[in-house]
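Step one of this worksheet: look at the structure below.
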Amino acid sequence: MDKETINFGEFKQQWAIQGMRKYIYQDFDNNFEERKREIIREKDIINFYNKYCRKERNEAAFCCKLFHTILPNEFPPLDNPIRNHFKLHRIDFIESLLIVKKAYELFIKDNQDKIQMIRDILNKPKFKI
């Protein structure tokens, strides 16, 4: 998905975000650059979620996927299968994301040798696109 031209109706469909009302995602269409700059500048998913994603129903999945799309190196992907795998399905979606994010950060910090091995393998010519 081209981050420069996100259409939130398509974003909602692509990421299977059900039940989100059109007027909510149209607000993101109409204010995308402003919202994107705020995400990049603040990197505060809780504040952003409370400010923009708590309209008629909580849109935590949308917010998590939006942050991952704009800041993929800082906010990991999260969906229900991942939450279920880590037994986080009873925890708020945003809190689940922050738990998974922290776990990734700790794993990377504590396993630099494994991370380097993965990088070396993925840098081989057969994995180049």
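With the working numbering applied, the sequence shown closes on residue 201, and no number is skipped along the way.
Beta carbons: idealized from backbone N, C-alpha and C, even for Gly.
Within 8 Å, strictly: CB atoms of residue i and residue j
i	j	result
Ile166	Tyr121	yes
Ser168	Leu160	yes
Ile193	Ile187	no
Exposure label - residue i; buried when at least 16 CB within 10 Å
i	result
Phe30	Shown here, the chain extends from 73 to 201; a query on residue 30 therefore has no answer.
Glu106	exposed
Ala201	Ala is not the amino acid found at residue 201; the sequence shown has Ile there. Exposed is the call here.
Lys75	At Lys75, the pLDDT of 49 sits below 50, so the modelled position is not reliable; the number obtained from the coordinates is stated separately. Counting Cβ neighbours within 10 Å, Lys75 comes out exposed, since fewer than 16 surround it.
Ile190	exposed
Ala132	buried
Arg126	exposed
Close beta carbons around residue i, own chain, < 7 Å, minus the five adjacent residues each side
i	result
Phe139	Ile111, Ile117, Phe147
Leu236	Absent from the structure is residue 236, since the part of the chain shown begins at 73 and ends at 201.
Inset, instruction - Check whether the segment 142-154 touches the segment 109-122, taking contact to mean three or more Cβ pairs, one atom from each stretch, closer than 8 Å. - result: yes
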